[in-house]
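Taking it in order: structure first as structure tokens, then the write-up.
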Amino acid sequence: MKIYEEKNRVVVENMKDFEPKHIFECGQCFRWNLEDDNSYTGVVFGKILNIKKEDDIIYFNNTNLNEFHNIWYKYFDLERDYTNIKNKLKKIDNYLEKAVEFGGGIRILNQDEWEILISFIISANNRIPMIKKAIENLSKNYGEYIGEFRDKKYYSFPSPKKMNSLSEDEIRKCGTGFRAKYIKDASFIVYRQNCDIYKYKNLDTDMCRKELLQFCGVGPKVADCVMLFSMQKYDTFPVDVWVKRVMEEFYLEESLSLNKIRNYGISKFGKLSGFAQQYLFYYARELGIGKK
DNA sequence: CGTCAGGTGCGAT
DNA sequence: ATCGCACCTGAC
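Sequential numbering of the first sequence, starting at 1, is according to UniProt numbering.
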């Protein structure tokens with residue numbers, strides 16, 4: 001892997017297991033958008049980053065080598081050997097082999113706990129375009145102005161303090177629907193009650209999950225997503241409608257409860273459950289597996 | 001118009 | 001423990 005800096009960008013050559021489409025469209029993030037030139041622009045940690053892959057070269061636009069090492073290396077999980085993970089998963093069976101090959105460029109991002117908690121509360125019984133719109137509205141209306149990139153203005157995700165200062169109605173008007181009161185509650189708990197969700201990642205997976213489940217609007221699926229996408233808990237298996245479909249298509253004879261599917265996944269995939277879930281989810285959703 | 005979407009809370013069993 | 005139902009909202 002060769003990394004070097006050019007004018008306002010970092011160029012990475014020969015990086016394995018990194019495909020922007022797979023990373024940004026496997027359901028783990030909501031603030032990355034496809035541009036006309038087939039690049040993706042996102043807001044992360046109050047910064048605007050643009051990613052473009054051409055042949056085997058990846059361009060990290062609007063950043064520098066310092067930020068690359070201090071922020072993006074961790075965010076994109078670049079220290080992890082995904083080839084090794086993929087090889088282990090591929091050996092399990094032919095279904096997983098297909099799914100892993102289909103989404104071979106997936107990386108599980110290390111995202112901000114607070115932003116992910118609220119984002120996945122919004123995701124409950126919701127569609128991706130609506131989730132993205134609600135998060136964008138919250139940021140545009142109540143986040144900090146960051147700057148412009150290609151003639152578009154960008155805003156950070158509102159802090160717990162800012163979110164707590166809003167009324168339920170102001171949150172609702174951003175398009176969050178019945179989840180507005182959950183967001184209001186979570187903001188109060190995190191900001192006013194000084195609950196440090198940034199320490200949850202230090203707990204073991206079961207305790208971490210137990211803590212998250214105490215938030216109203218956080219059920220089993222949302223808790224698993226928050227743990228997996230922002231707290232480095234990889235021995236968990238979020239089961240949503242797509243994972244249920246693909247598991248029933250590949251592994252299960254009958255229709256099991258979501259919790260039983262989760263337990264089945266964790267017992268089958270162990271420490272790699274979270275990675276397996278991502279490959280299966282992306283495969284199922286892109287191909288419409290099991291859709292009625 | 002009804003249905004449904006990357007679930008969850010709630011009350012009833 | 002497990003089950004069934006309502007739920008903001010907008011696209012079909």
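The beta-carbon is built from N, C-alpha and C at its ideal position, and this holds for glycine as well.
Residue i burial status per 10 Å Cβ neighbour count (16 or more: buried)
i	result
Ser156	buried
Met247	buried
Leu287	exposed
Thr83	exposed
Tyr198	exposed
Met1	exposed
Pro20	buried
Arg150	exposed
Lys210	exposed
Glu136	buried
residue 324	Nothing can be reported for residue 324, as the shown portion of the chain is limited to 1 through 292.
Met207	exposed
Glu25	buried
Asn50	buried
Tyr4	exposed
Extent of the continuous beta strand (DSSP E) to which residue i belongs
i	result
Ile51	Lys47 to Glu54
Tyr4	Lys2 to Glu6
Arg127	Arg127 -> no beta strand (DSSP E), and no H or E assigned at all.
Leu34	Trp32 to Leu34
Tyr234	Counting along the chain, Tyr234 falls outside any beta strand (DSSP E), and DSSP gives it neither H nor E.
Gly290	Here Gly290 belongs to no beta strand (DSSP E), and DSSP marks it neither H nor E.
Own chain, CB closer than 6 Å to residue i, minus 5 neighbours either side, in chain order
i	result
Tyr154	Val43, Ile48 and Ile146
Ala186	Phe215
Arg107	Ile23, Phe76 and Asp77
Ser230	Gln111, Glu113 and Ile116
Ala180	Glu168, Ile171 and Arg172
Close-in-space but distant-in-sequence residues of the same chain around residue i (CB under 7 Å, 5 per side omitted)
i	result
Phe45	Ile71 and Asp112
Ser255	Glu248
Cys195	Ile189
Bounding residues of the alpha helix (DSSP H) (the contiguous stretch that carries residue i)
i	result
Lys244	Val241 to Phe250
Glu211	Thr205 to Leu212
Arg285	Ser273 to Leu287
Val226	Pro220 to Ser230
Contact test: residue i Cβ vs the ligand ADP heavy atom, cutoff 6 Å
i	result
Gly105	You won't find the ligand ADP in this model; it holds no ligand whatsoever.
Counting only runs that start and end within the region 56–115, where is the alpha helix (DSSP H) found for 4 or more residues in a row?
-> 82–90 and 94–102
Continuous beta strand (DSSP E) assignments of at least 3 residues falling wholly in the region 139–181 = 145–149 and 152–155
Any contact of the region 267–284 with the region 231–240, i.e. 3+ C-beta pairs under 8 Å?
-> yes
Say whether the region 159–167 touches the region 181–196, bearing in mind that this needs 3 or more beta-carbon pairs closer than 8 Å, one atom from each stretch.
-> yes
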